[in-house]
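In the numbering used here, the protein residues as written are 1027 to 1608.
In this text, a Cβ means the ideal position worked out from N, Cα and C, and glycines have one as well.
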Amino acid sequence: MSDPVATLTRLLQPVFDELVESDAGVGNESADPTVRPSDRADAQINGALPLAKRLGTNPRELAQRVIDSGVLADVAEGVEVAGPGFINVTFSSEFLASELDVVRSADGLGIEPDSREMQVVVDYSAPNVAKEMHVGHLRSTAIGDSLVRMLEAHGHRVTRENHVGDWGTPFGMLIEHLLDLGETEAAEALSLGDLNSFYKDARVAFDASDEFQERSRQRVVLLQAGDPETMRLWEILVDLSAAYFNTVYRKMGVLLTDDDLAGESRYQPLMPDVIERLRAAGLVEESDGADVVFPPGFENRDGDPLPLIVQKGTGGFNYATSDLACIIDRTERIGADLILYVVDAGQSQHFQMVFAVAKMAGWLDDETDAVHVPFGIVLGTDRKRLKTRSGEPVRLVALLDEAVARAEAAVAEKNPDLEPDVRADVARSIGIGAVKYADLSTDRIKDYVFDFDRMLAFEGNTGPYLQYAHARICSIFRREGVDRASVRAASIELVEPQEPALARQILAFPTAVDAALETYSPHKLCTYVYDLATAFSSFYEHCRIKGSPEPIYSSRLALADLTARVLERSLGLLGIDAPEQM
RNA sequence: GCCUCCGUAGCUCAGUUGGAUAGAGCGGUCGCCUCCUAAGCGACAGGCCACAGGUUCGAUUCCUGUCGGAGGCGCCA
């Protein structure tokens, strides 16, 4: 780990251990040095206070003993005891420069693979076949995509699973509507990406005609029986929808492909086995005609035990059964150590119950964990759930297209010299990046306000600001006629105050990724990148590169290059492009 | 009624597993382009961290309660 704050912790841990061991009376529980970034110095060591309490000594004296150990001499140029016993540390420029040398020669820019390589399954996106993707799918897709990228960067094997809704009673209606339209006409309508009207028309036909309803019910029976002709028709719907989803995914620039499709239909054959195994474990009870499992600790509104229904009174299976089948499949076939469900917060109790039952059945344990990664809803500027004027969900593509169009207009205005085809690419990167960044940059558990003006304002904590910082650096090298790779061996000299500040921010990169991954919160990485871009902008204003004498000139170019690499990598982990000009 | 999540500057949000004087951006006021992209930088103003207790040397952070907002609560997915 190249982060100097982490290095400090590593250096100090033996010192704190020694202090604990030297006092027989306090047990051998280790003491955390508690090193934190500080606004009064580069870092502050807080661990002396609680330890002094345990040892019954004066905290300032203890802090002085920590300093007297001498371990800070190699990394710090300023060390002082402050307040009740804090130790303020200012890193030496030489130490920071040597840490930068380590980072810039490493592919991971400081990121290192986890000691335990895990097989992780990430369940995200999950649109419905023959239904339009809307804002609700934006969050799951963007957050899941970023988590996948971060997990892979940490050396884990990641299986993406797109749990599309491709099964269930609505398909009787959809297939009958397909037949009524005629296969070729229906195929044309669906391939245009107009899934909304297809679904709605089917619903209208269903509501208007008893005969249609009856046909639909018959069709569901045929579908569940695996009737070949019905399956063929069903596959048309699935394939056309998947093709449409792919156009959206390509537009968004996420990793999902057809290989990641793991629809509900895939788990249908596994359902009876779920019931059998639950029965064998003695977990199934009969309640009001349904087969259920009562996980402890859940109650309904009357205070009675709340069941997870695994087989309906009609004999059919439901969502819970399917989720349990998924868990079995993912742990036993894929060998998952960890399963992430990037699904809205409203499903929280459902997942808690499913996981509880899976643990009762022994499908999940300490070695194999399942985690619900919940997120809040997208609000309009009126603070209500984002909808169109007519009250319908906003189509995701409409949202993305408008963001790109607005970005294109802004680029045309701010940088009219850009070649038209370059401009289109840049506008796409900016527009999509702005939408994703707005989604990823706040704590996912909270609802957030979707506001084009804000996310595309190109100022403040937005995607475009970050991309701008990166493009600016690329521009420096273009203007100077210097190849970026050529400065990577140059000696780095940190002179002006903005230079060590930028260095410290660069070195904090792996810590930021760790923190984001620890709680599956991409916004922590967003906060980091924003701080990095800010540190660079400040450096750029105060530390002139062009015309500076050597070795300052090369040093600053090296710092700029490294900043750009970390910016690009960080944005990459968020699934956001870093254009070279804008 | 029970459960979960949320409540921080006028607005939108951070706050790194309890640390000193709570930070950004937008909006407001004021500076900075004969100079590498001003899509920028610097400064000022703006706070009872919803409220009340508790634990602690120390609480925006942990616990309890109250108020306010959102969501969930047996055969939809």
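| Item | Value |
| --- | --- |
| What number of angstroms, rounded off, separates the C-alpha of Tyr1345 from the C-alpha of Asp1540? | 33 Å |
| What is the C-beta distance between Val1280 and Gly1601, in whole angstroms, given that I count them as a contact (C-beta under 8 Å)? | 6 Å |
| Hey, could you find the ends of the alpha helix (DSSP H) Asp1427 is sitting in? | Leu1422 to Lys1440 |
| Put Asp1363 into one of helix, strand or coil per three-state DSSP. | coil |
| Leaving out five residues on either side along the sequence, give the residues of the same chain with a beta carbon under 7 Å from the beta carbon of His1163. | Ser1151, Pro1153 and Leu1422 |
| Nearest to Met1003 by alpha carbon, out of Pro1419, Phe1476 and Asp1443? | A query on residue 1003 cannot be resolved here, the shown segment of the chain reaching from 1027 to 1608 and no further. |
| Can you give, in chain order, each stretch of the beta strand (DSSP E) that sits fully within the segment 1102-1179 and has at least 3 residues? | 1102-1108, 1112-1117 and 1145-1149 |
| Return yes when the Cβ of Asp1043 is within less than 9 Å of the Cβ of Ser1064, no when it is not. | no |
| Can you tell me which of Arg1470, Asp1299 and Trp1193 puts its alpha carbon nearest to the alpha carbon of Met1257? | Trp1193 |
| To which residues of the same chain is Thr1394 closer than 7 Å at the C-beta, ignoring the five residues directly before and after it? | Thr1357, Ala1362 and Asp1363 |
| Decide yes or no for the touch test of the segment 1237-1250 against the segment 1263-1280: beta carbon pairs closer than 8 Å, at least 3 of them. | no |
| Got a sec? Which residues, its chain only, sit under 7 Å from Ser1467 by beta carbon, not counting five neighbours each side? | Asn1487, His1549 and Cys1552 |
| Of the choices Val1555, Arg1411, Glu1103 and Ala1156, whose alpha-carbon is the least far from that of Gly1219? | Ala1156 |
| Please determine, among Asp1029, Ile1071 and Met1278, the residue with the shortest C-alpha to C-alpha distance to Gly1457. | Met1278 |
| Quick check on this structure: which residue in Arg1276, Leu1558, Arg1582 and Tyr1556 has the alpha carbon closest to the alpha carbon of His1568? | Arg1582 |
| Relative to the C-alpha of Phe1594, which candidate in Ser1455, Leu1216, Asp1427 and Gly1339 has its C-alpha closest? | Reading off the sequence shown, one finds Glu at residue 1594, where the question assumed Phe. Out of Ser1455, Leu1216, Asp1427 and Gly1339, Ser1455 has the C-alpha closest to the C-alpha of Glu1594. |
| Do Val1148 and Val1184 come within 9 Å of each other at the CB atom, strictly closer than that value? | yes |
| Please name the residue, chosen from Leu1037, Val1105 and Asn1084, that lies closest to Arg1066 on a Cα-to-Cα basis. | Val1105 |
| Which full runs of the alpha helix (DSSP H) of 4+ residues lie inside the segment 1479-1509, going along the chain? | 1489-1506 |
| Which residue or residues does DSSP assign as beta-bridge partners of Asn1188? | Leu1287 |
| Taking 8 Å as the threshold, find out whether the segment 1328-1342 comes into contact with the segment 1294-1304 through three or more Cβ pairs. | yes |
| Measuring alpha carbon to alpha carbon, tell me which residue in Ala1516, Thr1560, Val1508 and Ser1564 is nearest Glu1522. | Ser1564 |
| Please list the segments of the alpha helix (DSSP H) lying wholly inside the segment 1370-1422, counting only runs of 4 or more residues, in order along the chain. | 1374-1386 |
| Tell me the start and end of each unbroken beta strand (DSSP E) in the segment 1530-1596 that is at least 3 residues and wholly inside, in chain order. | none |
| Report yes or no: do three or more beta-carbon pairs, one from the segment 1484-1498 and one from the segment 1510-1519, lie closer than 8 Å? | no |
| What are the partner residues of Tyr1293, as DSSP defines its beta bridges? | In the DSSP output, where bridge partners are listed per residue, Tyr1293 has none listed. |
| For the structure I just gave you, are there three or more beta carbon pairs, one from the segment 1071-1088 and one from the segment 1105-1118, closer than 8 Å? | yes |
| Give me the residue from Val1399, Glu1143, Asp1557 and Phe1476 with the minimum Cα distance to Lys1413. | Phe1476 |
| Compute the distance between the beta-carbons of Phe1377 and Val1369, then report whether it is under 9 Å. | yes |
| Whole angstroms is fine: what's the gap from Thr1273's alpha carbon to Gly1329's? | 48 Å |
| Any idea what DSSP makes of Val1368, helix, strand or coil? | strand |
| Under 8 Å, with one C-beta from each stretch per pair, do the segment 1093-1107 and the segment 1115-1132 reach the 3-pair mark? | yes |
| Using 9 Å as the threshold, is the C-beta distance between Arg1186 and Asp1286 below it? | yes |
| Output needed for Tyr1275: all residues of its chain with C-beta closer than 6 Å, excluding positions within five of it in sequence on either side, in chain order. | Leu1282 |
| Could you check what DSSP says for Pro1605 in three-state terms: helix, strand or coil? | coil |
| By the three-class DSSP mapping on this structure, what secondary structure does Asp1299 have? | helix |
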